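Chemist:
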Amino acid sequence: MDGVWENLNSDCLVNVFRRLDLESKLLDIPFVCRQWNQALLNPLCWQELVFPVDVSQSRLADASKNGESYHIPGLIKFVVRQSQGCDTRLELPNDIREEDLVYILDVCPNLKTLALPNKLLGDYGDSIPEPIVKWKSLELLRIGKCSYLVEIIDKISVHCKQFNGLFVGQADIDNSIVLAVPVMEQCRVLRLSEFCFKDIVNV
Numbered sequence: 001m002d003g004v005w006e007n008l009n010s011d012c013l014v015n016v017f018r019r020l021d022l023e024s025k026l027l028d029i030p031f032v033c034r035q036w037n038q039a040l041l042n043p044l045c046w047q048e049l050v051f052p053v054d055v056s057q058s059r060l061a062d063a064s065k066n067g068e069s070y071h072i073p074g075l076i077k078f079v080v081r082q083s084q085g086c087d088t089r090l091e092l093p094n095d096i097r098e099e100d101l102v103y104i105l106d107v108c109p110n111l112k113t114l115a116l117p118n119k120l121l122g123d124y125g126d127s128i129p130e131p132i133v134k135w136k137s138l139e140l141l142r143i144g145k146c147s148y149l150v151e152i153i154d155k156i157s158v159h160c161k162q163f164n165g166l167f168v169g170q171a172d173i174d175n176s177i178v179l180a181v182p183v184m185e186q187c188r189v190l191r192l193s194e195f196c197f198k199d200i201v202n203v
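Letter 179 of the sequence shown, counting from 1, is numbered 179 in full-length UniProt numbering, and no numbers are missing.
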């Protein structure tokens with residue numbers, strides 16, 4: 001069986017690698033053999049980028065402690081660059097700075113699914129609306145508490161014609177949001193969790 005794994009067809013390897021979790025792609029596959037590492041360079045392997053919500057509690061943090069060069073902000077940008085703009089699913093961690101968030105959202109025009117953790121939206125919500133004009137293929141958005149929800153909904157209704165699902169956590173529902181939601185005519189799923197109504201009047 002020696003050499004069998006190394007000689008697998010590159011397309012087969014890519015088809016397998018694209019299904020692996022992020023930690024496996026970064027910490028395991030590159031060190032198996034040269035052929036596997038070469039196949040991993042294909043942007044299709046990085047179409048779905050699902051980061052641990054708390055990177056500090058993941059294997060990536062353990063690698064950093066063991067001397068690997070996995071500085072978290074640099075790692076996030078490195079992984080996004082590997083996709084070369086092909087990523088269709090992006091779930092970002094809490095361990096991200098605003099400047100990195102702005103960069104990442106700007107270079108990912110083909111997103112279909114975007115998930116942003118609560119902590120991130122609470123701090124950097126104003127960075128979200130503008131890049132939406134590029135996300136023509138966006139279908140699903142999951143966000144936490146955000147003061148810019150109306151602006152986000154307005155952008156989605158204009159620029160994201162394939163959009164069909166919005167998941168919002170810790171939402172404060174007021175008149176502006178009630179009026180904005182019906183504008184997303186194509187949205188089939190709207191899920192609110194931990195929400196409260198504020199000063200709602202008949203509209």
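Glycine included, every Cβ here is placed at the ideal spot set by N, Cα and C.
Bear in mind that the values here come from a model prediction, so they are computed numbers and not experimental data.
(1) Find the nearest neighbour of residue 133 within the set 144, 140, 109, judged by alpha-carbon distance.
(2) Given a threshold of 16 other Cβ atoms within 10 Å of its Cβ, counted over all protein chains shown, does residue 161 qualify as buried or as exposed?
(3) Based on the DSSP output, what are the partners of residue 115 in its beta bridges?
(4) Write down the C-beta distance between residue 107 and residue 85 rounded to the nearest angstrom, noting that I regard them as a contact closer than 8 Å.
(5) In angstroms, rounded to a whole number, what distance separates the CA positions of residue 50 and residue 168?
(6) State yes or no: is the C-beta of residue 130 within less than 8 Å of the C-beta of residue 112?
(7) Is residue 114 near residue 149, with beta carbons less than 8 Å apart?
(8) Would residue 25 and residue 45 be called neighbours here (beta carbons separated by less than 8 Å)?
(9) Enumerate in chain order the residues of its own chain whose CB-to-CB distance from residue 43 is below 6 Å, with the five nearest sequence positions on each side excluded.
(10) Look at the alpha carbon of residue 176 and the alpha carbon of residue 32, and state the distance between them as a whole number of angstroms.
(11) Give me the residue from 153, 117, 164, 151 with the minimum Cα distance to residue 137.
(12) Please confirm whether residue 39 and residue 14 have their CB atoms less than 8 Å apart.
(13) Is it true that the CB of residue 144 sits closer than 8 Å to the CB of residue 116?
(14) In three-state DSSP terms, what is residue 85?
(15) Could you give the first and the last residue of the continuous beta strand (DSSP E) run that contains residue 168?
(16) Specify the secondary structure class of residue 8 as computed by DSSP and reduced to three states.
(17) Helix, strand or coil: how does DSSP classify residue 49 here?
(18) Output yes if chain B places a C-beta closer than 8 Å to the C-beta of residue 168; else output no.
(19) What is the DSSP secondary structure of residue 128, reduced to helix, strand or coil?
(20) Since residue 89 and residue 47 should fall inside the 8 Å C-beta cutoff, what is the C-beta to C-beta distance between them, to a whole number of angstroms?
(21) Going by alpha carbons, who is nearest to residue 11 out of 21, 23, 41, 158?
(22) Please say whether residue 91 and residue 58 have beta carbons closer to each other than 8 Å?
Modeler: Checking against the coordinates, here is how it stands:
(1) Position 133 of the sequence shown holds residue 133. Nearest option by C-alpha distance: 109.
(2) The residue labelled residue 161 in the question sits at position 161 within the sequence shown. The residue in question, residue 161, is exposed, as its Cβ has fewer than 16 Cβ neighbours within 10 Å.
(3) On the sequence shown, residue 115 is found 115 positions in, with the first residue counted as 1. In DSSP, residue 115 forms a bridge with 91, 142.
(4) Position 107 of the sequence shown, counted from the start, is the residue given in the question as residue 107. Position 85 of the sequence shown, counted from the start, is the residue given in the question as residue 85. Going by Cβ atoms, the distance from residue 107 to residue 85 rounds to 6 Å, so yes, they are a contact pair.
(5) For this step, residue 50 is matched to residue 50 along the sequence shown. For this step, residue 168 is matched to residue 168 along the sequence shown. Those two C-alpha atoms are separated by around 18 Å.
(6) Position 130 of the sequence shown, counted from the start, is the residue given in the question as residue 130. Position 112 of the sequence shown, counted from the start, is the residue given in the question as residue 112. Result no, Cβ atoms of residue 130 and residue 112 do not sit closer than 8 Å.
(7) By 1-based counting over the sequence shown, the position of residue 114 is 114. By 1-based counting over the sequence shown, the position of residue 149 is 149. Contact: no.
(8) Looking up residue 25 in the sequence shown gives position 25. Looking up residue 45 in the sequence shown gives position 45. With a cutoff of 8 Å on beta-carbon distance, residue 25 and residue 45 are scored as near each other.
(9) As a position in the sequence shown, residue 43 is number 43, starting the count at 1. Result list for residue 43: 83, 84, 86, in chain order.
(10) Within the sequence shown, numbered from 1, the residue matching residue 176 stands at position 176. Within the sequence shown, numbered from 1, the residue matching residue 32 stands at position 32. Bear in mind that the predicted position of residue 176 carries a pLDDT of just 45, short of 50, making it unreliable; the figure below should be weighed with that in mind. Their Cα atoms are separated by approximately 54 Å.
(11) By 1-based counting over the sequence shown, the position of residue 137 is 137. Of 153, 117, 164, 151, the residue nearest in Cα terms is 164.
(12) Here the question's residue 39 lines up with position 39 in the sequence shown. Here the question's residue 14 lines up with position 14 in the sequence shown. For residue 39 and residue 14, yes; Cβs fall inside 8 Å.
(13) Looking up residue 116 in the sequence shown gives position 116. Looking up residue 144 in the sequence shown gives position 144. A distance below 8 Å separates the beta carbons of residue 116 and residue 144.
(14) By 1-based counting over the sequence shown, the position of residue 85 is 85. Residue 85 sits in coil when the DSSP states are folded into three classes, being neither helix nor strand.
(15) Position 168 of the sequence shown, counted from the first residue, corresponds to residue 168. Its beta strand (DSSP E) spans residues 165 to 169.
(16) Taking the sequence shown and counting its residues from 1, the one referred to as residue 8 is at position 8. Reduced to three states, the DSSP call for residue 8 is coil.
(17) For the purposes of this step, residue 49 is taken as the residue at position 49 of the sequence shown. Here residue 49 sits in strand by DSSP.
(18) Absent from the structure: chain B. Only one protein chain is present.
(19) In the sequence shown, residue 128 corresponds to position 128, counting from 1. If DSSP states are grouped into helix, strand and coil, residue 128 belongs with coil.
(20) Numbered from its first residue, the sequence shown carries residue 89 at position 89. Numbered from its first residue, the sequence shown carries residue 47 at position 47. In this structure, residue 89 and residue 47 form a Cβ contact; the two beta carbons are roughly 7 Å apart against a cut-off of 8 Å.
(21) For the purposes of this step, residue 11 is taken as residue 11 along the sequence shown, with counting starting at 1. Relative to residue 11, the option among 21, 23, 41, 158 whose CA is nearest is 41.
(22) Counted from its first residue, the sequence shown places residue 58 at position 58. Counted from its first residue, the sequence shown places residue 91 at position 91. Taking 8 Å as the cut-off, the Cβ atoms of residue 58 and residue 91 do not count as close.
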